[in-house]
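> Protein chains in written order, with numbering that gives the first Met the number 0: chain A, 0 to 231; chain B, 0 to 231. Ideal placement from N, C-alpha and C gives every residue a C-beta, glycine not left out. These figures come from a predicted structure and were not determined experimentally. Mind having a look at this structure? Questions to follow.
Number of protein chains: 2
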Amino acid sequence: MKQSSTDQIDHELLEDWIVEQVFDAIIERQLPPGHKLSEAALGKALGVGRMHIRRSLLLLASRGVVDLYANRGAFVSKPSVEEAQEVFEARIEVEPNITRLAVTRASKKDIATLRQHLNDEHQAHIDGDRRAAIRLSGQFHLTLAEIAGNEILTKLVRELITRTSLIIGIYGSAGVSNCHSDDHEKLLTAFNDKDGERAAQLMVKHLHSIQQHLSFQTGENEGVDLLSVFSK
Amino acid sequence: MKQSSTDQIDHELLEDWIVEQVFDAIIERQLPPGHKLSEAALGKALGVGRMHIRRSLLLLASRGVVDLYANRGAFVSKPSVEEAQEVFEARIEVEPNITRLAVTRASKKDIATLRQHLNDEHQAHIDGDRRAAIRLSGQFHLTLAEIAGNEILTKLVRELITRTSLIIGIYGSAGVSNCHSDDHEKLLTAFNDKDGERAAQLMVKHLHSIQQHLSFQTGENEGVDLLSVFSK
DNA sequence: AAAACTAATATTGTTAACAATGAAATTCTG
DNA sequence: CAGAATTTCATTGTTAACAATATTAGTTTT
């Protein structure tokens with residue numbers, strides 16, 4: 000079950016692979032905030048022993064993507080307003096610099112990859128493939144970090160976009176997708192011009208715009224709870 | 000954050016506590032790079048079951064502070080030159096911004112804390128208490144992050160200063176401590192002046208100066224290996 | 001004596017059983 | 001019938017035994 004296409008040599012830690020799977024599932028909105036992650040179910044779904052699941056859940060918790068409650072288990076994190084603000088603050092502090100760095104280091108091939116990314120994103124919008132659109136818009140940011148070429152920062156961005164996906168799932172207006180692809184488009188032109196400063200500025204604006212399309216003013220997460228109860 | 004070193008309010012995850020202990024031991028240079036972390040020994044030292052140790056080692060590995068080898072166990076990470084450069088690059092990208100943020104948010108009490116920190120650091124230097132000096136100079140950066148008030152970034156800084164301690168342990172000249180307290184002193188004046196921009200600039204210079212006092216030119220980590228073997 | 005092979009030991013990795021806790025269902029009571 | 005109490009069930013948490021692997025020590029051979 001685990002030796003599939005995106006899998007590499009399994010000397011890479013099994014736990015890392017599990018974490019990646021859960022991350023992806025969250026980014027694609029298949030695991031909504033608050034969803035219970037039962038050890039047995041996850042283990043069966045991924046074809047992996049319970050102990051591996053257990054250890055992976057700890058990793059996920061340390062990345063703020065899962066909440067652990069003693070004797071009750073693991074749940075996909077339901078970020079509070081404060082946590083959500085912290086995620087965006089961290090992104091705004093970090094991603095513009097990463098973007099500036101990426102511009103200085105982007106090869107022609109990298110820019111082509113970004114171009115392809117944008118095309119896919121555009122296509123997904125046309126096709127109405129919401130899931131793909133969400134995934135791609137998040138991964139655009141991840142690709143930027145990879146181009147910047149710093150593993151520590153890449154890992155951080157991966158955590159941040161995953162948590163952002165949870166945040167949008169809770170506080171996002173219904174129809175609004177993760178990112179406006181227009182913004183990504185502008186970013187790419189800055190890459191073509193090798194204008195790192197402009198790219199960084201654009202990233203700040205982009206993140207602010209995402210943030211502004213959220214509705215934090217409610218004050219009660221309980222409302223969301225009720226909705227999810229009724230949806231059963 | 001914690002009251003005492005032998006803290007045992009166990010509603011916080013036990014694994015987090017274990018990770019913190021190892022972090023601190025590494026920062027204080029009690030656990031040198033390459034040191035074997037046997038599960039049994041660690042468990043006995045901390046009075047904790049093997050499974051908790053096991054899970055904690057995974058967390059430490061995901062933070063780049065421990066290297067795991069299949070069927071061979073866990074070892075305190077011995078950062079390669081490339082990894083070391085990544086750590087410093089990440090610090091330079093992140094910490095100046097964190098510092099700028101900290102300046103805008105520092106209360107008088109926060110500044111007093113920093114002042115106290117510097118005094119302690121100075122005193123440790125006078126007393127020749129090398130271990131305390133090392134710990135305090137690292138924790139100065141951590142305190143800055145705490146003042147900035149973003150948990151995500153604080154956690155990142157904690158990871159980065161721990162890894163920096165490993166790097167200095169390998170590539171640092173013998174007598175050179177972690178930071179020049181002069182730099183910290185200047186930073187504090189920028190805090191007093193509420194000059195975030197200057198503080199950020201100072202932080203960049205400070206990190207560069209730490210980086211420049213390392214000797215990366217060797218090319219062979221093996222030389223370090225031999226030394227550590229002979230030291231037994 | 002050095003190298004290679006083999007045996008012994010210790011450590012890691014995995015599994016399964018069991019205990020502890022929380023959630024759910026049923027029964028009892030007002 | 002509503003609500004509290006109790007029992008049942010499912011899930012998590014822990015422990016211990018066992019298997020697999022690497023390291024060490026010892027032995028043999030050249």
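Taking Cβ positions, are T142/B and H116/B nearer each other than 8 Å?
In this structure, H116/B lies closer than 8 Å to T142/B by Cβ.
> Are the CB atoms of G33/B and F74/B within a distance shorter than 8 Å?
Yes, these two residues count as a Cβ contact at 8 Å.
> What residue range is occupied by the uninterrupted alpha helix (DSSP H) comprising V102/B?
Where V102/B is concerned, the enclosing alpha helix (DSSP H) stretches over V80 to R104.
> Any C-beta of chain B within less than 9 Å: which residues of the segment 40-70 of chain A qualify?
If the cut-off is 9 Å between Cβ atoms, the segment 40-70 of chain A has M50, R53, R54, S55, L57, L58, A60, S61, R62, G63, L67 and A69 near chain B.
> Do A199/B and R99/B have their C-beta atoms within less than 8 Å of each other?
In contact: A199/B and R99/B (Cβ atoms closer than 8 Å).
> Check the Cβ of V102/B against every Cβ in chain A and list those closer than 9 Å, keeping chain order.
Under the 9 Å cutoff, chain A gives no residues; its nearest Cβ is about 13 Å from V102/B.
> Which residues in chain B have a C-beta closer than 9 Å to the C-beta of V21/A? List them in chain order.
Those within 9 Å of V21/A in chain B number zero; the least Cβ separation is about 14 Å.
> So what does DSSP say about D66/B, is it helix, strand or coil?
In the structure shown, D66/B sits in a strand (DSSP, three-state: E or B).
> Any idea what DSSP makes of K231/B, helix, strand or coil?
In this predicted model, K231/B has a pLDDT of only 30, less than 50, meaning its place in the structure is not dependable; the value taken from the coordinates is given anyway. If DSSP states are grouped into helix, strand and coil, K231/B belongs with coil.
> Specify whether the segment 84-104 of chain A and the segment 152-168 of chain A touch according to this definition: at least 3 beta carbon pairs, one from each stretch, less than 8 Å apart.
Because the criterion of three Cβ pairs below 8 Å is met, the segment 84-104 of chain A and the segment 152-168 of chain A touch.
> Where do the N-terminal and C-terminal ends of the alpha helix (DSSP H) with G168/A fall, by residue?
E150 to Y170 is the extent of the alpha helix (DSSP H) around G168/A.
> So A89/B contacts chain A; which residues on that side make the cut at Cβ distance below 7 Å?
N149, I151 and L152, listed in chain order.
> What is the rounded straight-line gap between the Cα of V65/B and the Cα of T163/B?
If I take the Cα positions, the gap works out to 13 Å.
> Could you tell me which chain B residues have their CB closer than 9 Å to the CB of I97/A, listed as they occur along the chain?
Simply E92.
> List the residues that DSSP assigns as beta-bridge partners of V75/B.
For V75/B, which the question treats as bridged, DSSP gives the partners V65/B.
> Anything in chain B within Cβ reach of V305/A, meaning under 8 Å, just list it in chain order.
No information on residue 305/A is available, as it lies outside the stretch 0 to 231 that chain A covers here.
> With 8 Å set as the bound, which would you pick, yes or no: does the beta-carbon of E14/A sit closer than that to a beta-carbon of chain B?
So, interface residue.
> Report the option in A189/B, L206/B, I166/B and H121/B whose CA atom is closest to the CA atom of G63/B.
For the residues A189/B, L206/B, I166/B and H121/B, the minimum Cα distance to G63/B belongs to I166/B.
> Compare the C-beta of L143/B against all C-beta atoms of chain A and say whether one is closer than 8 Å.
So no, L143/B is outside the interface.
> Would A56/A and L67/A be called neighbours here (beta carbons separated by less than 8 Å)?
The amino acid at residue 56/A is misidentified as Ala; the sequence shows Leu. Yes, the Cβ-Cβ distance between L56/A and L67/A is below 8 Å.
> Do you know how far the Cα of G137/B is from the Cα of F215/B?
So the two alpha carbons sit approximately 21 Å from each other.
> In chain A, which residues lie less than 7 Å from L155/B when you measure between Cβ atoms?
Those within 7 Å of L155/B in chain A are L155.
> Pick from Q29/A, E94/A, L12/A and E85/A: whose alpha carbon is nearest that of R54/B?
For the residues Q29/A, E94/A, L12/A and E85/A, the minimum Cα distance to R54/B belongs to L12/A.
> Nearest CA to the CA of E19/B: which residue from I52/B, K35/B and A69/B?
E19/B has its Cα closest to that of I52/B, out of I52/B, K35/B and A69/B.
> Is T112/B near I26/B, with beta carbons less than 8 Å apart?
In this structure, I26/B does not lie closer than 8 Å to T112/B by Cβ.
> Determine the extent of the alpha helix (DSSP H) in which L143/B is found, giving its start and end residues.
R129 to A147 is the extent of the alpha helix (DSSP H) around L143/B.
> Less than 8 Å between the C-beta atoms of I139/B and H183/B, yes or no?
One detail in the question is off: residue 139/B reads as Phe in this sequence, not Ile. It is a contact, given that the beta carbons lie within the stated cut-off.
> I need the boundaries of the alpha helix (DSSP H) containing T120/A, first residue and last residue.
The residue asked about is misnamed: residue 120/A is Glu in this sequence, not Thr. Start and end: K107 to D126.
> Does L206/B come out as helix, strand or coil in the three-state DSSP assignment?
In this structure, L206/B counts as helix in the three-state DSSP scheme.
> Is it true that the CB of I97/A sits closer than 8 Å to the CB of F190/A?
Taking 8 Å as the Cβ cut-off, F190/A and I97/A do not qualify as a contacting pair.
> Quick check: the Cα distance between A69/A and L58/B, rounded to an integer number of angstroms?
Those two C-alpha atoms are separated by around 18 Å.
> Measuring alpha carbon to alpha carbon, tell me which residue in I151/A, S208/A and L213/A is nearest Y170/A.
When only C-alpha atoms are compared, the closest one is L213/A.
> Between the alpha carbons of E14/B and L206/B, how many angstroms are there, rounded?
The alpha-carbon atoms of E14/B and L206/B are separated by roughly 31 Å.
> In three-state terms, what does DSSP make of L36/A?
Residue state, collapsed to three classes: strand.
> On the DSSP letters alone, give me the boundaries of the alpha helix (DSSP H) that D194/A sits inside.
Looking at the DSSP string, D194/A is not in any alpha helix (DSSP H), and its letter there is neither H nor E.
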